[in-house]
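J.:
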Amino acid sequence: MQNPQYNQQMEFFIDMQRCIGCHACEMACAECETNGQESMIHIHYVERAVSVQTTVQVCMHCEDPVCANVCPADAITKDDFGVVHTANTSRCIGCSNCVLACPFGVPKKEEKAELMMKCNMCYDRTSAGKKPMCATVCPSQALFYGTREEIEKLRPNSTPVSKFLFGQEEVNTKVNIMMPKGSTELRIHP
Amino acid sequence: MAKLPTSVDSIIDQFGPHKAYTPKEGFQGVHEPDKLVKTHCCFCGMQCGIQLKVKDNKVAGFEPWMEFPFNEGRLCPKGVQRYLQNNHPDRILHPYKRVEGKGFEQTSWEDAMSKTVSEIQRIQNSHGRDAFAMLSGVSLTNEKSYMVGKFARVALKTKNLDYNGRLCMVSAGAGNKKAFGLDRISNSWADLKHAEVIIIAGTNVSETFPTLTHYIWQARDNGAKLIVIDPRVTPIARTADLHLPVRPGGDSALFGAMLKILVDNDWLDHEFIDQHTSGFQESIDAVKDYDLAWAEEKTGIEAAKIQQAAEWWGKAKTSFLLHARGIEHHTKGVDNVLSCINLVLATGRIGKPYCGYGTITGQGNGQGGREHGHKCDQLPGNRDITNPEHRQYIADVWGIDEKELPGKGLSAYEIIEAIHRGEIKGLITICFNPLVSLPNNNFVREALEKLEYYVAIDFFLNETARHADLILPGSLHEEEEGTVTTAEGRVVKINQAITPPGEARKDSEILIELAQRLGVGDKFAYDKAEDVFNELRVASKGGTADYFGITYEKIEKNMGVFWPCPSEDHPGTPRLWEDRKFKTPDGKAHFNPVSYRDPAEVVDKEYPVVMTTGRVVSQYLSGTQTRRIGKLLDQYPEPLLEIHPKLAYQYGIKDGDQVIVKTRRGEATFPAQIVETIREDTVFIPYHWGGKHSANQLTIGTLDPISKIPEFKVCACQLIPTGKMASVQIKETAYQSF
């Protein structure tokens, strides 16, 4: 184990109903040394004309990451803790396969740098026993980093879900989303 | 001469606002800071704990402060970006003097100080002491607020001192003093956690106090029902159990009708009412005719929703009622507050665990700043400047003759009116930008232009200070030690991270030198902020806002102390009224009868649409600080006119069209944002911008008769569609206030 402080009990939970669209997560994410003032998490209105509902778009850290599978340069890797790392800059060829393949629309190609960039779960912080920056600052705690026991105790009306069905395709992720109590999966109809 | 010395464009070139961004690689040394300084955010009343990274006497970044109990590292976007001010290119680094036709030219501190003093003396000798006024603000620490109050009365010897809290918490303060004899939220935020019902009235919590959202959700996780009263579906209202979309101005009708429902159903705490309150019968008599049909008409809220809210509130065992500017910025702001308090008292749910009530104080030190004497009618410890005993006590603390202590002065907007009438000739401001933040600001501009001499102390040149004769460069929040009192009444420590850059000075040093030159240096013999605080402790002793038992050491050790704290062995008071000993003369909590009355301006054929104003999450107040931070501006670059699709359709307005909004005060053009999240009869404009984009060109300057707060939240307007889309250039430069 390279990082004895990395606590594998800690998980990332997203609760869209709590999101207030303030963008604190984006601004805090951009502060990271490796992000060069770009955010790896994105907040968007769903449809501002009818609602102030916003969504959180961040790497879900798939168990079987499609982005890594389709990468012709083997630039994207998943580590022993299940964290899918942003493309290795010396390998990435800027082909955008990952951008097109990700079911959650997460990776962005940094056009100027010709590099794919995405969230690596604040590896510098989480490997040192801290929370990721976005979940640290999130004022409504729509983004929560903690153990499963903690969130189940704190939020008895919701259930963490990490299984997504895109038509026939099942995707399991390290990141959880909070759904109504008793939910087991999120089915996205084709 | 308080007219602009040159074109606004050339002033903007020199002093901004300009957008600042962090360099891609971060500020130099951000990854190896010399130190991390534990302090607080400089913006709202939550006063979130934050650590500033300091390298070579510059703030280079931030690190969350996980241990501070209120926010445990949580921050809003303004908090994340706050560190950009110290490195900002717009920072005023030297004293400047106005030169007609040229703009502002650097001057020396010596010349600036002597000119300030000679102008004060000239104006006061020719027109009387009160012809020189001071306007202050509550982004200042307790120490500076206290010092400003003393400076105006002891050094300037003027009665005309007031502050920007006049646009913020004064209706709540006046209401709380009437009902409880004391002006503070009754509970700490911790008491939200197990409240069964939470009412938030006129407070866009998630955009103006984002970190408080977590506490409301904690309560909801524990089963609380959330009732939100707001003309708009704000982010916190979106998921509320009940949203009451009140028509602006209808608040006291709603609360009056709810009180009647409580009475009709006997959802009352008779024991509490009988033993600990007065005025109940008069208060219920005042609402006896406020039935649901009447309330529906006055408030624009469906009767069934009003009934539901009253039933949830009436039947709850624990509850918390919070309000903010939405019900307070009215000509009946105090009435609205009192009608909320009546609901709390009728159900007896105060002074007990998870039973709370209060205003959410808006400004960073809105609580502490309103207690220690830079209000026109107040002395430290929340004492009354018209009360002979209070005057004598403070005169003794200050070492002056009580007869020398000025009396009650004019409130903030009244000071502007007196300048306009020519009665006040000179002005010194610190931490206040009335040209953006006061209503009917074309009138405010006319007043400023009539001043004979105007001195502005600030760290950035705000829109008002463009009119100054002299600019004195002051200090940022992180450049001076002190304390602030958060919205929950917790006194916390602001730690100095860096020294002021260039020739800028600590605000306190500027005030002390001016006091010395005005001949009262012996009354301002402070070596450090703690000396001021220790004097404030004595000055507040025995007052309702009693800080005597609070020391710097105690604050640091306990991560804040809740006042009242009358002695050093006292632990502080997170929850008020557990002893049921209210601070009113008879020791009881007072019901106050509230009869509904209309706003100052109601819609008519000529001005048929209700206009209201408010804030967005990425900006703070008049924008002096936040309209200089690139990412905050990019998030919401210019003020938009929120309008319901049905109203937009009536006028043929399409999304993004430029719409002229006209009131009896003026007109301005805003792009339409067509949204279903607002009442059909109401439009909303955020007020953080100046110049042509200022919503306060349109708002009305009519004041609450008691609190003197202006009616920002309701006026009548016309909408005139132009059929044209806004140009990108306008959007990109709106922040500059040309």
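Protein sequences, first through last, are from chains A and B.
Counting the first sequence from 1 gives a position; the numbering used here is that position plus 1058.
Counting the second sequence from 1 gives a position; the numbering used here is that position plus 254.
C-beta: ideal position from N, C-alpha, C; glycine also.
Roughly how many angstroms lie between the CA atoms of residue 1216 of chain A and residue 493 of chain B, to the nearest whole one?
T.: What you label residue 1216 of chain A is simply residue 158 of the first sequence in a count that begins at 1. What you label residue 493 of chain B is simply residue 239 of the second sequence in a count that begins at 1. C-alpha separation (whole angstroms): 14 Å.
J.: Can you give me the Cβ contacts of residue 305 of chain B inside the same chain, cut-off strictly under 6 Å, excluding the 5 residues immediately before and after it?
T.: The residue labelled residue 305 of chain B in the question sits at position 51 within the second sequence. Here the set comprises 290, 292, 317, 319.
J.: Starting from the Cα of residue 1227 of chain A, find the closest Cα among A:1247, A:1236, A:1098, A:1242 and give me that residue.
T.: The sequence position of residue 1227 of chain A within the first sequence is 169, counting from 1. It is A:1247 whose Cα lies nearest to the Cα of residue 1227 of chain A.
J.: If residue 575 of chain B and residue 611 of chain B are in contact, beta carbons under 8 Å, what's the gap, nearest whole angstrom?
T.: Here residue 575 of chain B refers to the residue found at position 321 of the second sequence. Here residue 611 of chain B refers to the residue found at position 357 of the second sequence. Sure, about 5 Å apart at Cβ, within 8 Å.
J.: Going by CA-CA distance only, name the one from B:423, B:404, B:424, B:271 that's closest to residue 994 of chain B.
T.: The structure shown does not extend to residue 994 of chain B, since chain B spans only 255 to 992, so no value can be given for it.
J.: Quick check on the burial criterion: 16 or more other C-beta atoms within 10 angstroms. Buried or exposed for residue 1225 of chain A?
T.: Here residue 1225 of chain A corresponds to residue number 167 of the first sequence, with the count starting at 1. Exposed, by the Cβ-count rule.
J.: From the DSSP secondary-structure annotation, give me the bridge partner or partners of residue 423 of chain B.
T.: Locating residue 423 of chain B in the second sequence gives position 169, counting from the first residue. None, per the DSSP bridge assignment.
J.: From the DSSP output, which residues share a beta bridge with residue 1072 of chain A?
T.: As a first step, residue 1072 of chain A is located in the first sequence; it is residue number 14 there, counting from the start. Residue 1072 of chain A pairs with A:1201, A:1235.
J.: Run through the DSSP bridge pairs and tell me what residue 889 of chain B is partnered with.
T.: Reading the second sequence from its first residue, position 635 is the one you call residue 889 of chain B. Its beta-bridge partners do not exist; DSSP assigns none.
J.: With DSSP as the reference, please indicate the residues paired to residue 964 of chain B in a beta bridge.
T.: Residue mapping note: residue 964 of chain B aligns to position 710 of the second sequence, counting from 1. Its beta-bridge partners are B:957.
J.: Is there contact here, the stretch 890–901 of chain B with the stretch 737–748 of chain B, by at least three beta-carbon pairs under 8 Å?
T.: Cβ pair count under 8 Å is below three, so no.
J.: Are the stretch 957–975 of chain B and the stretch 583–599 of chain B in contact at 8 Å, needing three or more beta carbon pairs?
T.: Because the criterion of three Cβ pairs below 8 Å is met, the stretch 957–975 of chain B and the stretch 583–599 of chain B touch.
J.: Between the C-alpha atoms of residue 402 of chain B and residue 794 of chain B, what's the straight-line distance to the nearest angstrom?
T.: One-based indexing of the second sequence puts residue 402 of chain B at position 148. One-based indexing of the second sequence puts residue 794 of chain B at position 540. Approximately 15 Å between the Cα atoms of the pair.
J.: Under the three-state reduction of DSSP, which class applies to residue 311 of chain B: helix, strand or coil?
T.: Taking the second sequence and counting its residues from 1, one reaches residue 311 of chain B at position 57. Coil, per DSSP.
J.: Taking Cβ positions, are residue 522 of chain B and residue 601 of chain B nearer each other than 8 Å?
T.: For the purposes of this step, residue 522 of chain B is taken as the residue at position 268 of the second sequence. For the purposes of this step, residue 601 of chain B is taken as the residue at position 347 of the second sequence. Closer than 8 Å, so yes.
J.: Taking its Cβ as the centre, do 16 or more other Cβ atoms sit within 10 Å of residue 779 of chain B, making it buried, or is it exposed?
T.: Sequence index remark: in the second sequence, residue 779 of chain B carries index 525 (1-based). Its Cβ having fewer than 16 others within 10 Å, residue 779 of chain B is exposed.
J.: If we count the other Cβ atoms within 10 Å of its Cβ and call it buried at 16 or more, is residue 228 of chain B buried or exposed?
T.: Residue numbering for chain B in the displayed model covers 255 to 992; residue 228 of chain B lies beyond these limits and cannot be assessed.
J.: Pull up the DSSP beta-bridge partners for residue 253 of chain B, would you.
T.: The structure shown does not extend to residue 253 of chain B, since chain B is modelled only from 255 to 992, so the question has no answer here.
J.: May I ask you to report which of helix, strand or coil DSSP gives residue 287 of chain B?
T.: As a first step, residue 287 of chain B must be located in the second sequence, where it is residue number 33. Of the three classes helix, strand and coil, the one that applies to residue 287 of chain B here is coil, per DSSP.
J.: Assign residue 1245 of chain A to one of two classes, buried (16 or more other C-beta atoms within 10 Å of its C-beta) or exposed (fewer than that).
T.: Taking the first residue of the first sequence as position 1, residue 1245 of chain A is located at position 187. When all chains shown are included, residue 1245 of chain A counts as exposed.
J.: Express the C-alpha separation of residue 745 of chain B and residue 809 of chain B in angstroms, rounding to a whole number.
T.: Against the second sequence, residue 809 of chain B aligns to sequence position 555. Against the second sequence, residue 745 of chain B aligns to sequence position 491. If you take the alpha carbons of residue 809 of chain B and residue 745 of chain B, they lie about 7 Å apart.
J.: What is the C-beta distance between residue 726 of chain B and residue 748 of chain B, in whole angstroms, given that I count them as a contact (C-beta under 8 Å)?
T.: As a position in the second sequence, residue 726 of chain B is number 472, starting the count at 1. As a position in the second sequence, residue 748 of chain B is number 494, starting the count at 1. Between residue 748 of chain B and residue 726 of chain B the Cβ distance is about 21 Å, and since that is not below 8 Å, they are no contact.
J.: Is DSSP giving residue 282 of chain B helix, strand or coil here?
T.: Counting from 1 along the second sequence, the entry for residue 282 of chain B is found at position 28. In this structure, residue 282 of chain B counts as coil in the three-state DSSP scheme.
J.: On the premise that residue 309 of chain B lies in contact with residue 530 of chain B, defined as a C-beta separation below 8 Å, what is that separation, rounded to the nearest angstrom?
T.: Start at 1 with the first residue of the second sequence, and residue 530 of chain B comes out as number 276. Start at 1 with the first residue of the second sequence, and residue 309 of chain B comes out as number 55. Between residue 309 of chain B and residue 530 of chain B the Cβ distance is about 56 Å, and since that is not below 8 Å, they are no contact.
J.: Determine the DSSP secondary structure at residue 1246 of chain A, reduced to helix, strand or coil.
T.: Sequence index remark: in the first sequence, residue 1246 of chain A carries index 188 (1-based). Three-state DSSP puts residue 1246 of chain A in a strand.
J.: Short of 7 Å Cβ to Cβ, which residues in the stretch 309–331 of chain B face chain A?
T.: Residues 315, 318, 327, 328, 329, 330, 331.
J.: Contact criterion: CB-CB distance below 8 Å. Does residue 485 of chain B meet it with respect to chain A?
T.: Numbered from its first residue, the second sequence carries residue 485 of chain B at position 231. No, its Cβ sits nowhere closer than 8 Å to a Cβ of chain A.
J.: Taking 8 Å as the threshold (beta carbon to beta carbon), is residue 1076 of chain A in contact with chain B?
T.: Here the question's residue 1076 of chain A lines up with position 18 in the first sequence. Yes - at least one Cβ of chain B is within 8 Å of the one on residue 1076 of chain A.
J.: Could you compute how far the alpha carbon of residue 1199 of chain A sits from the alpha carbon of residue 992 of chain B?
T.: The sequence position of residue 1199 of chain A within the first sequence is 141, counting from 1. The sequence position of residue 992 of chain B within the second sequence is 738, counting from 1. Roughly 39 Å between the two C-alpha positions.
J.: Could you list the residues in the stretch 828–839 of chain B with a C-beta less than 7 Å from some C-beta on chain A, going in chain order?
T.: Those would be none; no residue qualifies.
J.: What did DSSP end up calling residue 820 of chain B once you bin it into helix, strand or coil?
T.: Taking the first residue of the second sequence as 1, we reach residue 820 of chain B at position 566. It is coil, neither helix nor strand.
J.: I'd like the list of long-range same chain contacts for residue 734 of chain B, defined as Cβ closer than 6 Å, with 5 residues on each side in sequence excluded.
T.: For the purposes of this step, residue 734 of chain B is identified with residue 480 of the second sequence, where counting begins at 1. Excluding sequence neighbours, residue 734 of chain B sits near 750, 760.
J.: Would you list the residues sitting across from residue 850 of chain B in a DSSP beta bridge?
T.: Taking the first residue of the second sequence as 1, we reach residue 850 of chain B at position 596. Partner(s): none; residue 850 of chain B has no beta bridge.
J.: In the stretch 1207–1233 of chain A, which residues sit with their C-beta less than 8 Å from some C-beta in chain B, listed in chain order?
T.: Flagged, chain order: 1212, 1213, 1214, 1215.
J.: Can you tell me the Cα-Cα spacing of residue 510 of chain B and residue 331 of chain B, whole angstroms?
T.: In the second sequence, the residue the question calls residue 510 of chain B occupies position 256. In the second sequence, the residue the question calls residue 331 of chain B occupies position 77. One C-alpha to the other measures close to 37 Å.
J.: Between the beta-carbon of residue 1235 of chain A and the beta-carbon of residue 1219 of chain A, is there less than 8 Å?
T.: By one-based count along the first sequence, residue 1235 of chain A stands at place 177. By one-based count along the first sequence, residue 1219 of chain A stands at place 161. Yes, these two residues count as a Cβ contact at 8 Å.
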